[in-house]
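Start counting at 1 in the sequence shown, then tack on 181, and there's your number in my numbering.
Just so you know, even glycine gets a beta-carbon here, dropped at the ideal spot from N, CA and C.
What follows is a set of notes on a single structure, which appears directly below.
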Amino acid sequence: MNSNKIPILNGLVLVGGKSSRMGQDKGLLNYHGIPQREFTYHLIEKFCETTWFSCREDQVVSLSGFNSIVDQVPNSGSFGAIFSAFRQNSNCAWLVVACDLPLLDEETIQMLIDKRNPEKIATAYNSPIDHKPEPLIAIWEPSVMAFLEKGKNQIKTGPRKILMMNDANLINSENPDALKNANYPEDFREIKSRLK
182 MNSNKIPILN GLVLVGGKSS RMGQDKGLLN YHGIPQREFT YHLIEKFCET
232 TWFSCREDQV VSLSGFNSIV DQVPNSGSFG AIFSAFRQNS NCAWLVVACD
282 LPLLDEETIQ MLIDKRNPEK IATAYNSPID HKPEPLIAIW EPSVMAFLEK
332 GKNQIKTGPR KILMMNDANL INSENPDALK NANYPEDFRE IKSRLK
């Protein structure tokens, strides 16, 4: 692929989840002196043309001052967030990052970008835990839109399944801790104590 044909990279921070396992909004947890969702937004924006929050309709007001995309496929989780981003702009690639990765760092993002293959539907890390693709720290290319359109009416189609069933560029992280999700209160406490 000619380098001037590589789609620009926009950023998408996923904050629309219900955070039921954590018991409070994971995007509002404070690991670094500001809410985690804002930390993630600022972390990825330096790598992207434009950065957006993916959110529910009821979150838009609390995100004023930031770009936001409301999920167009309600109750479809991260699939709906990625689908809605491509509905917003299907000509760019999207660096999609969940807001519950408090140990994510610039080096991990840079490596993902350096290893990006725009000829594939996405470039994603393999999970250090189950060795399956990590769809929520990934670069999704415009070519994935056809698969998203097909999957939007199939409740069992999730982004991980799309990566597993199609031609994705999967890489291993040099810093597996950067991919660690904080899903439960004990995760929050453990990671917070590590960051002191």
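Problem - Nearest-angstrom beta carbon gap, Ala303 and Glu315 [assumed within contact, 8 Å] - result: Going by Cβ atoms, the distance from Glu315 to Ala303 rounds to 10 Å, so no, they are not a contact pair.
Exercise for the section: Decide if Arg370 is buried, meaning its Cβ has at least 16 other Cβ atoms within 10 Å, or exposed. Expected result: Label assigned to Arg370: exposed.
Problem - Opposing strand residues paired with Tyr306 [DSSP bridges] - result: Paired residue(s): Glu315, Ile352.
Practice task
Have a look at Ser257 and Ile250 and give me their C-alpha separation to the nearest angstrom.
Solution key: About 14 Å.
Handout entry: Extent of the continuous beta strand (DSSP E) run through Phe234
Key = It spans 232 to 236 - the beta strand (DSSP E) in which Phe234 sits, taken as one unbroken run.
Exercise for the section: Give a yes or no on whether the C-beta atoms belonging to Tyr222 and Phe247 are separated by under 8 Å. Expected result: Cβ atoms of Tyr222 and Phe247: closer than 8 Å.
Exercise for the section: Could you say which of Lys227, Val277, Asn353, Leu224 lies nearest to Ile310 if we only look at CA atoms? Expected result: Answer by Cα proximity: Asn353.
Problem - Top-ranked residue by Cα proximity to Phe234, from Asp206, Phe264, Leu193 - result: Of Asp206, Phe264, Leu193, the smallest CA-CA separation from Phe234 is found for Leu193.
Handout entry: Euclidean distance between Cα positions of Tyr365 and Ser201
Key = Looking at the backbone, the Cα of Tyr365 and that of Ser201 are separated by about 9 Å.
Problem - Chain-order list of residues whose beta-carbon lies under 6 Å from that of Lys361 (same chain, five-residue window excluded) - result: When the five nearest sequence neighbours on each side are left out, the beta carbons in the same chain lying within less than 6 Å of the beta carbon of Lys361 are those of Leu284, in order along the chain.
Exercise for the section: Assign Ala262 to one of three DSSP states: helix, strand, or coil. Expected result: Look at Ala262 here: in three-state DSSP terms it is helix.
Exercise for the section: Measure the alpha-carbon distance for Ala363 versus Lys207 and round it to whole angstroms. Expected result: One C-alpha to the other measures close to 8 Å.
Handout entry: Residue span of the alpha helix (DSSP H) that contains Leu125, given as start and end
Key = Because residue 125 is not part of the residues shown, which for the chain are 182 to 377, the question remains open.
Exercise for the section: Would you list the residues sitting across from Leu276 in a DSSP beta bridge? Expected result: Checking the DSSP bridge columns, you'll see Leu276 partnered with Gly192, Ile320.
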